[in-house]
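Numbering (my numbering), first residue to last: 1044 to 1345.
Here it is in structure tokens:
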């Protein structure tokens, strides 16, 4: 069952407590070893409170009562032995939207790397343990991606400096959105490489991704922790902020006239410079890129 199906069924039939039991205790939610290690101690109390306010006729957002996971590199106030001064900006916005945070997902130490073993061991693929759930050298959001792929939560919040979100998303058949700097506030995220770090949501469908983005792309007036916003040397243009009901972007013609580009070195094995090595690109990867090009151009992209 896709998370969008779960959300639609939940809206009609399920309480948040029942949905949590479906995610956490269902045999179909086969949580891979070490992907999820830090539980929110207030989880079921928050779920019950969510059920109560919705039963009174109040609905905070499309995601009200929906469970999600948060990468261990984000601030969150619920934990007894690790007390940050505040919630990360995105965690606060999701709480205001009525989302219920199940807990924190694993990552390599300080999010530096990919599939290296961290404090809680290494995350394994929910599909086949013979294969990595992310690229070995870049994929630190593997815990957030794997718990989402395993139906442990409707969506997960990770972060990316190089390809830490896209890598595990690719290996697990997920949707990942890597925003430009400033579109999603990174306040409250552990800084691996402060000028490159961004927040990345991971979902199982485009519809779910758009619902999450409606909540987390709100402007953040604070600049602390954001190098680009905090510096005063260079005046930056205002970041593009998504507004309104983003389900409109599911329009089959939304890509019409949009110019898209992909790096040839990753799709055709073209050397980037005269002195760089020519990368190997398998025939399988080339076939996938060719199909993607066909799909995008058929939707009107250039």
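Beta carbons are placed, not taken as given, at the ideal position from N, Cα and C, and that holds for glycine. Owing to the predicted nature of the structure, the values given are computational and were not obtained by experimental measurement.
7 Å Cβ shell around residue 1181 - same chain, five flanking residues per side excluded: On the chain shown, position 138 is the one that residue 1181 refers to. Within the same chain, residue 1181 has close Cβ partners 1157, 1205, 1206, 1207 and 1210.
Residues sharing a beta bridge with residue 1112, DSSP: Indexing the chain shown from 1 puts residue 1112 at position 69. For residue 1112, which the question treats as bridged, DSSP gives the partners 1146 and 1199.
For residue 1277, three-class secondary structure by DSSP: On the chain shown, position 234 is the one that residue 1277 refers to. Note: residue 1277 maps to coil in three-state DSSP.
Exposure label - residue 1031; buried when at least 16 CB within 10 Å: The structure shown does not extend to residue 1031, since the chain is modelled only from 1044 to 1345, so the question has no answer here.
Any 3 or more C-beta pairs closer than 8 Å across the segment 1086 to 1094 and the segment 1177 to 1196: Contact between the segment 1086 to 1094 and the segment 1177 to 1196 is not established, with fewer than three Cβ pairs separated by less than 8 Å.
At least 3 beta-carbon pairs within less than 8 Å: the segment 1127 to 1136 vs the segment 1148 to 1157: no
Rounded C-alpha distance that separates residue 1215 from residue 1168: Counting from 1 along the chain shown, the entry for residue 1215 is found at position 172. Counting from 1 along the chain shown, the entry for residue 1168 is found at position 125. So the two alpha carbons sit approximately 8 Å from each other.
Helix, strand or coil at residue 1243 according to DSSP, with G and I counted as helix: In the chain shown, counting from the first residue as 1, residue 1243 sits at position 200. Residue state, collapsed to three classes: strand.
Exposed unless 16 or more other CB atoms sit within 10 angstroms - verdict on residue 1145: The residue given as residue 1145 occupies position 102 in the chain shown. Buried.
Span separating the alpha-carbon of residue 1143 from that of residue 1252: As a first step, residue 1143 is located in the chain shown; it is residue number 100 there, counting from the start. As a first step, residue 1252 is located in the chain shown; it is residue number 209 there, counting from the start. If you take the alpha carbons of residue 1143 and residue 1252, they lie about 17 Å apart.
Pairwise C-alpha distance: residue 1164 and residue 1084: In the chain shown, counting from the first residue as 1, residue 1084 sits at position 41. In the chain shown, counting from the first residue as 1, residue 1164 sits at position 121. Looking at the two C-alpha atoms, the distance is approximately 22 Å.
Selection from 1325, 1198, 1305 and 1281 that minimises the alpha carbon distance to residue 1339: What you label residue 1339 is simply residue 296 of the chain shown in a count that begins at 1. The option with the nearest alpha carbon to residue 1339 is 1305.
Nearest-angstrom Cα separation, counted from residue 1233 out to residue 1191: The residue you call residue 1191 lines up with position 148 of the chain shown. The residue you call residue 1233 lines up with position 190 of the chain shown. Each residue's Cα considered, the two are about 21 Å apart.
Residue nearest to residue 1241 in terms of C-alpha spacing, selected from 1261, 1109 and 1227: Position 198 of the chain shown holds residue 1241. Looking at the Cα atoms, 1227 is the closest of the given residues.
Through-space distance from residue 1281 to residue 1219, alpha-carbon basis: For the purposes of this step, residue 1219 is taken as residue 176 along the chain shown, with counting starting at 1. For the purposes of this step, residue 1281 is taken as residue 238 along the chain shown, with counting starting at 1. Roughly 23 Å separates the two Cα atoms.
Test item: CB-CB of residue 1258 and residue 1106 under 8 Å: On the chain shown, residue 1258 is found 215 positions in, with the first residue counted as 1. On the chain shown, residue 1106 is found 63 positions in, with the first residue counted as 1. Yes. Within cutoff.
Exposure of residue 1176, with buried meaning 16 or more beta-carbon neighbours within 10 Å: Along the chain shown, read from residue 1 onward, the residue named residue 1176 stands at position 133. Buried.
Three-way DSSP call (helix, strand, coil) for residue 1132 in this model: Here the question's residue 1132 lines up with position 89 in the chain shown. Looking at residue 1132 - three-state DSSP - the assignment turns out to be helix.
CA-to-CA distance, residue 1229 to residue 1326, given in whole angstroms: Locating residue 1326 in the chain shown gives position 283, where the first residue counts as 1. Locating residue 1229 in the chain shown gives position 186, where the first residue counts as 1. The alpha-carbon atoms of residue 1326 and residue 1229 are separated by roughly 37 Å.
Beta-carbon gap between residue 1348 and residue 1108 smaller than 8 Å: Here the chain has residues from 1044 to 1345 only, and residue 1348 is not among them.
Residue 1224 (DSSP reduced to helix, strand or coil): Within the chain shown, residue 1224 is the residue found at index 181, counting from 1. Strand, per DSSP.
Three-way DSSP call (helix, strand, coil) for residue 1324 in this model: In the chain shown, residue 1324 corresponds to position 281, counting from 1. Residue state, collapsed to three classes: coil.
Residues that residue 1081 bridges to, as DSSP identifies them: Start at 1 with the first residue of the chain shown, and residue 1081 comes out as number 38. Beta-bridge pairing links residue 1081 to 1147.
Cβ pair residue 1185, residue 1166 closer than 8 Å: For this step, residue 1185 is matched to residue 142 along the chain shown. For this step, residue 1166 is matched to residue 123 along the chain shown. Yes, the Cβ-Cβ distance between residue 1185 and residue 1166 is below 8 Å.
Backbone secondary structure at residue 1120 - three-state DSSP: Numbered from 1 along the chain shown, position 77 holds the residue referred to as residue 1120. Of the three classes helix, strand and coil, the one that applies to residue 1120 here is coil, per DSSP.
For residue 1071, three-class secondary structure by DSSP: Counting from 1 along the chain shown, the entry for residue 1071 is found at position 28. The predicted model places residue 1071 with a pLDDT of 48, which falls under 50 and marks its position as unreliable; any figure quoted below should be read in that light. DSSP places residue 1071 in coil when its eight states are reduced to three.
Span separating the alpha-carbon of residue 1301 from that of residue 1120: By 1-based counting over the chain shown, the position of residue 1301 is 258. By 1-based counting over the chain shown, the position of residue 1120 is 77. Cα-Cα distance, rounded: 42 Å.
Boundaries of the alpha helix (DSSP H) in which residue 1309 is found, first to last residue: Position 266 of the chain shown, counted from the start, is the residue given in the question as residue 1309. Its alpha helix (DSSP H) spans residues 1307 to 1310.
Coil, strand or helix - residue 1258 by DSSP: Working through the chain shown from its first residue, we reach residue 1258 at position 215. In the structure shown, residue 1258 sits in a helix (DSSP, three-state: H, G or I).
Coarse secondary structure for residue 1166, derived from DSSP in three states: Taking the chain shown and counting its residues from 1, the one referred to as residue 1166 is at position 123. Reduced to three states, the DSSP call for residue 1166 is coil.
Burial state of residue 1343, where buried means 16 or more other Cβ atoms lie within 10 Å: As a working note, residue 1343 is residue 300 in the chain shown. Exposed, by the Cβ-count rule.
Residue 1186 - containing alpha helix (DSSP H), residue span: Position 143 of the chain shown, counted from the start, is the residue given in the question as residue 1186. Segment 1185 to 1192, the alpha helix (DSSP H) holding residue 1186.
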